[in-house]
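Chains as they are written, first to last, in the numbering used here: chain U, 1 to 209; chain E, 1001 to 1209; chain W, 2001 to 2209; chain Y, 3001 to 3209.
We treat Cβ as the ideally placed atom computed from N, Cα and C, and that holds for glycine.
Scroll down for the structure; my scribbles are underneath it.
4 protein chains.
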Amino acid sequence: MSRKSNTEQRRAEIVSALLAVMADQGYEKATIQSIAKQAGLTPGLIHYHFQSKGEILIALVHSLAQFSRARYAYFASEATTPRERLNACIDARLAKGEGANPDAVSAWVVIGAEAVRQPEVRQAYQEAISSELAVLEEVITECLTEDGKRTDNASPLAAALLAFMEGAFQLASAARDIMPQGYAARMAIEMVERYIDAEPEKKRRSSRK
Amino acid sequence: MSRKSNTEQRRAEIVSALLAVMADQGYEKATIQSIAKQAGLTPGLIHYHFQSKGEILIALVHSLAQFSRARYAYFASEATTPRERLNACIDARLAKGEGANPDAVSAWVVIGAEAVRQPEVRQAYQEAISSELAVLEEVITECLTEDGKRTDNASPLAAALLAFMEGAFQLASAARDIMPQGYAARMAIEMVERYIDAEPEKKRRSSRK
Amino acid sequence: MSRKSNTEQRRAEIVSALLAVMADQGYEKATIQSIAKQAGLTPGLIHYHFQSKGEILIALVHSLAQFSRARYAYFASEATTPRERLNACIDARLAKGEGANPDAVSAWVVIGAEAVRQPEVRQAYQEAISSELAVLEEVITECLTEDGKRTDNASPLAAALLAFMEGAFQLASAARDIMPQGYAARMAIEMVERYIDAEPEKKRRSSRK
Amino acid sequence: MSRKSNTEQRRAEIVSALLAVMADQGYEKATIQSIAKQAGLTPGLIHYHFQSKGEILIALVHSLAQFSRARYAYFASEATTPRERLNACIDARLAKGEGANPDAVSAWVVIGAEAVRQPEVRQAYQEAISSELAVLEEVITECLTEDGKRTDNASPLAAALLAFMEGAFQLASAARDIMPQGYAARMAIEMVERYIDAEPEKKRRSSRK
DNA sequence: AATGAATGAGCATTCATTCAT
DNA sequence: AATGAATGAATGCTCATTCAT
Chain U
1 MSRKSNTEQR
11 RAEIVSALLA
21 VMADQGYEKA
31 TIQSIAKQAG
41 LTPGLIHYHF
51 QSKGEILIAL
61 VHSLAQFSRA
71 RYAYFASEAT
81 TPRERLNACI
91 DARLAKGEGA
101 NPDAVSAWVV
111 IGAEAVRQPE
121 VRQAYQEAIS
131 SELAVLEEVI
141 TECLTEDGKR
151 TDNASPLAAA
161 LLAFMEGAFQ
171 LASAARDIMP
181 QGYAARMAIE
191 MVERYIDAEP
201 EKKRRSSRK
Chain E
1001 MSRKSNTEQR
1011 RAEIVSALLA
1021 VMADQGYEKA
1031 TIQSIAKQAG
1041 LTPGLIHYHF
1051 QSKGEILIAL
1061 VHSLAQFSRA
1071 RYAYFASEAT
1081 TPRERLNACI
1091 DARLAKGEGA
1101 NPDAVSAWVV
1111 IGAEAVRQPE
1121 VRQAYQEAIS
1131 SELAVLEEVI
1141 TECLTEDGKR
1151 TDNASPLAAA
1161 LLAFMEGAFQ
1171 LASAARDIMP
1181 QGYAARMAIE
1191 MVERYIDAEP
1201 EKKRRSSRK
Chain W
2001 MSRKSNTEQR
2011 RAEIVSALLA
2021 VMADQGYEKA
2031 TIQSIAKQAG
2041 LTPGLIHYHF
2051 QSKGEILIAL
2061 VHSLAQFSRA
2071 RYAYFASEAT
2081 TPRERLNACI
2091 DARLAKGEGA
2101 NPDAVSAWVV
2111 IGAEAVRQPE
2121 VRQAYQEAIS
2131 SELAVLEEVI
2141 TECLTEDGKR
2151 TDNASPLAAA
2161 LLAFMEGAFQ
2171 LASAARDIMP
2181 QGYAARMAIE
2191 MVERYIDAEP
2201 EKKRRSSRK
Chain Y
3001 MSRKSNTEQR
3011 RAEIVSALLA
3021 VMADQGYEKA
3031 TIQSIAKQAG
3041 LTPGLIHYHF
3051 QSKGEILIAL
3061 VHSLAQFSRA
3071 RYAYFASEAT
3081 TPRERLNACI
3091 DARLAKGEGA
3101 NPDAVSAWVV
3111 IGAEAVRQPE
3121 VRQAYQEAIS
3131 SELAVLEEVI
3141 TECLTEDGKR
3151 TDNASPLAAA
3161 LLAFMEGAFQ
3171 LASAARDIMP
3181 QGYAARMAIE
3191 MVERYIDAEP
3201 EKKRRSSRK
């Protein structure tokens, strides 16, 4: 019956505050002060729950990766065919105005840039990317297999689809106004489908005549 | 009498130094000190040639955009068919290890993140993106026309190709190790070609008679 | 739990330190470093309690204006006649070596010069001047009324007396050595008195009958 | 027939430029750059003609003192009586909107504040003040003598008049809007005249009867 | 005489982090 | 758990002055 620690909730609040602040200020300009203000906390308390600012950022990367997986799971929950799961993959990330949560998208773009220079961020970022790649490759492989196609290109195709989505996030955050409306989800689906359609048939094991 | 101005050269040196420093430190960590050191100049001199750090960044955005156009022009100089020009477009950006100049690619990723929050950077970034989009759309339209296809989707296809390339830059900078080798240029070409191949024929104005 | 705020005291200390430093260094040379040193604080702490150096200056203007009012109130506390109050007005500002606190006088002169170019300082300065003018005009009007004189010139006379005092501050700060000893308070009193004495009688409402 | 040195003219131009810039920027903000720009010269040339920025300021003090004397001489040129000369003294400084040249007045106020802390400026300032005092004392003595008054108070009266004028400059520069219109010249004259009128008669050397 | 690039010291300000309460 | 004052290093930027041309 001891008083419950509220550490987990506080940490979540702080991570969420970083997301919000970072989305329109970037990482360096997201000061502990501004994060604290956003979270309705005091600067000292931030460092009570996190050792450093960098640690909050790492937590945010994991949080966003987790969120992305959850969102896919939700979208895929009613999918029964490989194609439906592929659609779920893409819609989970790109549907509804190129990403349902603009703040999360912008923050992800900022994280991508931080990953360029901060090894620890890069590692967390790469874990997230790996996870996404694995999901995409699996779904794409299923689609290819279902159509009786070769699966040699599943991996590069997954990579290409992921690159497309990352780029769409970037452009949605920094150049939304000049991009065609709603191109992202539609083109992602169509490009992958047409790519798969044009793939050669899988070689039969028994080529007897 | 009057001394010859070396401002243009100095500015180019400084912009180049920012590119180098920013590629592995990000924008905020690219201090005037570090830029000066990289360029072999003194901090005071940086501000003699540029009013602010932000102004150097804007100059870098323009410089990279200019460089991209020049690189495409070079690649396209021997292209005679629409398909060759499309290849030139993609190779100019993605060939040879996902972009010939890793520093420029990383810097571009960082610029993309800065464009999220700095209006002036965003404007310069959008100008560059617009220019790229225009080139891609033109080349894609040529390809479609040559094949007798409808051109309705030229714009979203250009947008999709650009998103792909931006995302490939991002992943090349922050997750090179976990991406399939050489997927980018090859997949870009193939996806666009297969998309075009699957496009419906252009409606004939007068089909019978 | 929560710590007690010492902000008000710290702010007062900082303002007081600015007064001291500014009195012999001017405003621009009163660096945050020197203010901090004078106050026995660190530069960072200065900016914890004040947003900017300019904000300290504004606080100082208000502080000096407040001090002037308090000093007059103290001098006037024993005054019962209009003349005594007039004397209190003048002595509060000019008695004892042209102002009891040389630092405050010098700082006020420096503030006057800053008010020429800094709009925010000018506003605070003008508020202080307005307040002084109002007090002087009221006291002078009382003196005139008591003597049965016209009060038309109360306002310009108050302005003249204030100009005299401001000028006396200036000269006491920058040319004390070459000014006659103790001229200021004595001459201020005498000039105002002789001016009032020479004013025409108030017009009687109904003079005859 | 050697080429004439244009040093004197250049120096005058530079001093004049400092006056203009200082009038609305103060002394510290009047950078060599801004002075050069105002004068249509280059920064390097400023230091060819003056050893330091401080030297320009000293030259300006002398220039303004000289100007004041010249202006008085001009106003007094047609004065034949002591009273007319007194009027000339006052009008030369305060007539026409409290000083004919607002820039010069503001610059003088700024100089007064600099004199508080810079010994060299203080010396030049005190020379100018001494000179003014001497002129005023002489004219006032003449007026007193003409009226057969004692001249004991000529010195403090001159000091008081000077203080008034300095204060009027200060208030004209920083608080013009809240001061009564045209009070300065009129009140200066009236106060001095009434003061003189109320002075006691000079003691007769031969008091015989 | 004149130019304008170059220097270097100094400034206000920011901010992650620490710590007494 | 929580507060908010305090620190100190770092940053962008300014500017008088110097100097090669």
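C-beta atoms of residue i and residue j nearer than 8 Å
{"i": "residue 1017 of chain E", "j": "residue 1038 of chain E", "result": "yes"}
{"i": "residue 179 of chain U", "j": "residue 1195 of chain E", "result": "no"}
{"i": "residue 1188 of chain E", "j": "residue 1045 of chain E", "result": "no"}
{"i": "residue 103 of chain U", "j": "residue 19 of chain U", "result": "yes"}
{"i": "residue 1216 of chain E", "j": "residue 135 of chain U", "result": "Residue 1216 of chain E lies beyond the stretch modelled for chain E, which goes from 1001 to 1209, so this question has no answer here."}
{"i": "residue 112 of chain U", "j": "residue 1113 of chain E", "result": "yes"}
{"i": "residue 163 of chain U", "j": "residue 91 of chain U", "result": "no"}
{"i": "residue 175 of chain U", "j": "residue 1126 of chain E", "result": "yes"}
{"i": "residue 2041 of chain W", "j": "residue 2107 of chain W", "result": "no"}
{"i": "residue 1158 of chain E", "j": "residue 1129 of chain E", "result": "no"}
{"i": "residue 1050 of chain E", "j": "residue 1014 of chain E", "result": "yes"}
{"i": "residue 3142 of chain Y", "j": "residue 3155 of chain Y", "result": "no"}
{"i": "residue 1089 of chain E", "j": "residue 1074 of chain E", "result": "no"}
{"i": "residue 21 of chain U", "j": "residue 32 of chain U", "result": "no"}
{"i": "residue 197 of chain U", "j": "residue 1198 of chain E", "result": "yes"}
{"i": "residue 131 of chain U", "j": "residue 69 of chain U", "result": "yes"}
Residue range of the unbroken alpha helix (DSSP H) whose run includes residue i
{"i": "residue 982 of chain E", "result": "Residue 982 of chain E lies beyond the stretch modelled for chain E, which goes from 1001 to 1209, so this question has no answer here."}
{"i": "residue 2154 of chain W", "result": "2154-2174"}
{"i": "residue 2037 of chain W", "result": "2032-2039"}
{"i": "residue 1115 of chain E", "result": "1102-1117"}
{"i": "residue 2048 of chain W", "result": "2043-2049"}
Local conformation of residue i per DSSP, three classes
{"i": "residue 3210 of chain Y", "result": "Shown here, chain Y extends from 3001 to 3209; a query on residue 3210 of chain Y therefore has no answer."}
{"i": "residue 2004 of chain W", "result": "coil"}
{"i": "residue 96 of chain U", "result": "helix"}
{"i": "residue 2133 of chain W", "result": "helix"}
> Given a limit of 9 Å on CB to CB distance, which residues of the stretch 1131-1147 of chain E reach chain U?
Replying inline: Flagged, chain order: 1133.
> Do the stretch 3018-3035 of chain Y and the stretch 3054-3070 of chain Y meet, that is, are 3 or more Cβ pairs less than 8 Å apart?
Replying inline: Verdict: yes, contact present.
>> Under 8 Å: do the stretch 2139-2150 of chain W and the stretch 3142-3160 of chain Y share three or more Cβ pairs, one atom per stretch?
In response: The stretch 2139-2150 of chain W, when compared against the stretch 3142-3160 of chain Y, does not touch it at the 8 Å Cβ threshold.
> Along the stretch 3039-3073 of chain Y, what residues have a CB closer than 7 Å to any CB found in chain W?
Replying inline: Under the 7 Å Cβ criterion, the stretch 3039-3073 of chain Y contributes no residue.
> Looking at C-beta atoms only, is the number of pairs between the stretch 1162-1176 of chain E and the stretch 2008-2016 of chain W that lie closer than 8 Å three or more?
Replying inline: Between the stretch 1162-1176 of chain E and the stretch 2008-2016 of chain W there are fewer than three inter-stretch CB-CB distances shorter than 8 Å, so the stretches are not counted as touching.
>> Quick check: the stretch 3068-3080 of chain Y against the stretch 3118-3125 of chain Y, are at least 3 beta-carbon pairs closer than 8 Å?
In response: Verdict: no, contact absent.
> Relative to chain Y, which residues along the stretch 2082-2108 of chain W have a C-beta separation below 8 Å, given in chain order?
Replying inline: Contacts with chain Y (Cβ-Cβ distance below 8 Å) from the stretch 2082-2108 of chain W involve 2106, listed in chain order.
> Between the stretch 1173-1184 of chain E and chain U, which residues of the former have CB atoms less than 8 Å from a CB of the latter, in chain order?
Replying inline: Among the residues of the stretch 1173-1184 of chain E, those with a Cβ less than 8 Å away from any Cβ of chain U are 1173, 1174, 1175, 1177, 1178, 1179, 1180, 1183 and 1184, in the order of the chain.
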